[in-house]
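> Below is one structure. I have some questions about it.
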Amino acid sequence: MIQVKDLFFTYPGNTEPTIKNVNVTIPTGEIFGFLGPSGAGKSTLQKILIGVLKGYQGSVSVLHQDVNKATTDFYNTLGVAFETPNFYQKFTAKENLQFFQSFYEKEGESIEKLMEKVGLGDVLETRVSDFSKGMKMRLNVVRAFLHDPELIFLDEPTSGLDPLNVQKVRELIVQMKEAGKTIILNTHNMNVAEILCDRVAFIVDGEVKLIDSPDHLKNSYSQKEITVVFKEKGIEKQASFEMKHLGTQLEFQKILQQDQLVRINTNEKTLEDIFIEVTGRKLQ
Ligand SMILES: Nc1ncnc2c1ncn2[C@@H]1O[C@H](COP(=O)(O)OP(=O)(O)OP(=O)(O)O)[C@@H](O)[C@H]1O
């Protein structure tokens, strides 16, 4: 679906490349996340992958085409939600979506259904000027799916959304994956990445530092131990035990038998902890 080899890109007028030696292959049907702090180069990479930024070095094949030679077909099978939503403020949400849909040959799910899925079912006839930032973000996601594309790029799709609406957008993305779509997310929301992505790439200063699945990363980086919090003579205490010896760990068995357990933590690292450990950088 996507094959990037030895990619470098320098903005005109800059001396240093913004994208440095990126190599990545993304198969059909995957949810793939580019994770990195602000300024890491995620949007630049997205613009190269959708054929907007030219003049790069290396090779970029998307939907089995060299993006430098992308045809109309390419844009009919590609959906994009840019980080900053761009709508006609005086038009209603529905009028905006109908207008953008008219550029494409194919129609996917109805505007009404898609809007319903992101919790905007009752504001179809509302002018976009009356939308909040979070509503515009959700409308932006709907816009990317209008023409039933095969490959969808979503730049920070959950930015500025409350937890309930983050969940709605997440559910829509999962439904699209189940329908066989390939989805590329740019995000610095590690929680979203952890739940949604089959694989993630850590990107810092234009370089991909690591590509792996969230599960495999968490298994590799987390300590294989648990911490037990228990009460002894009314005082709360804690002790850590290696997971592989738990069955024969007498002290652990004693805590269980005395029924003094308060809680057990698995000491699992979050994707954010692992990002910091691997790259030495924070995400926000
Ligand atoms: N048109 C441009 N000309 C010159 N430099 C640019 C241009 N657009 C972006 N940059 C620079 O390229 C670097 C990467 O920016 P980019 O927007 O790709 O990062 P990002 O990871 O998407 O960040 P964010 O999460 O804040 O959107 C930044 O240093 C930015 O200042």
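Positions in the sequence shown are counted from 1; adding 58 to them yields this note's numbering. Glycine included, every Cβ here is placed at the ideal spot set by N, Cα and C.
#1: Give me the residue from E294, V286, V232 and T337 with the minimum Cα distance to I322.
#2: Using a strict less-than 5 Å threshold between each residue's beta carbon and the heavy atoms of ligand 2, what residues do you get?
#3: Could you pull the DSSP bridge partners for V120 from this structure?
#4: Using DSSP's beta-bridge definition, name the partner residues of L212.
#5: Could you say which of E214, Q316 and E252 lies nearest to F140 if we only look at CA atoms?
#6: Between E165 and I332, what straight-line distance do the alpha-carbon atoms span, to the nearest angstrom?
#7: Using CA coordinates, which residue listed in F203, Y69 and P221 is at the minimum distance from E102?
#8: In three-state DSSP terms, what is I77?
#9: When the Cα atoms are used, what is the spatial distance from K135 to E167?
#10: Do the stretch 120-128 and the stretch 94-101 touch if we need at least three Cβ pairs shorter than 8 Å?
#11: Nearest CA to the CA of V199: which residue from S278, I241 and N249?
#12: Less than 9 Å separating the beta-carbons of L329 and K276?
#13: Alpha carbon to alpha carbon, what distance is there between F66 and G179?
#14: Could you have a look at L65 and say whether DSSP puts it in helix, strand or coil?
#15: With distances taken between CB atoms, is the gap from L209 to G137 smaller than 9 Å?
#16: To which residues of the same chain is N81 closer than 8 Å at the C-beta, ignoring the five residues directly before and after it?
#17: Rounded to a whole number of angstroms, what is the C-alpha to C-alpha distance between L243 and I293?
#18: Would the stretch 296-303 and the stretch 232-241 be scored as touching if the rule is three or more Cβ pairs under 8 Å?
#19: Where P221 and N144 are concerned, what is the direct C-alpha to C-alpha distance, given to the nearest angstrom?
#20: Using a Cβ-Cβ distance under 9 Å, would I284 count as near chain E?
#21: Helix, strand or coil, according to DSSP, for E229 in the structure here?
#22: Within the same chain, show all residues whose beta-carbon is closer than 6 Å to that of T83, passing over the 5 residues directly before and after it, in chain order.
#23: Using the Cβ count rule (16 or more neighbours within 10 Å means buried), how would you classify E309?
#24: Q147 to S187, Cα distance in whole Å?
Taking the coordinates as given:
#1: V286
#2: As presented, the structure is devoid of ligand 2, carrying ligand 1 as its sole ligands.
#3: I60 and Q123
#4: A139 and L243
#5: E214
#6: 41 Å
#7: Reading the sequence as shown, one finds Thr at residue 102 and not Glu. It is Y69.
#8: strand
#9: It should be noted that the sequence gives Thr, not Lys, for residue 135. Cα-Cα distance, rounded: 15 Å.
#10: no
#11: I241
#12: yes
#13: 43 Å
#14: strand
#15: yes
#16: V62, K63, D64, L65 and V266
#17: 47 Å
#18: no
#19: 23 Å
#20: Although the question refers to chain E, the structure presented lacks it and comprises just one protein chain.
#21: helix
#22: Q61
#23: exposed
#24: 5 Å
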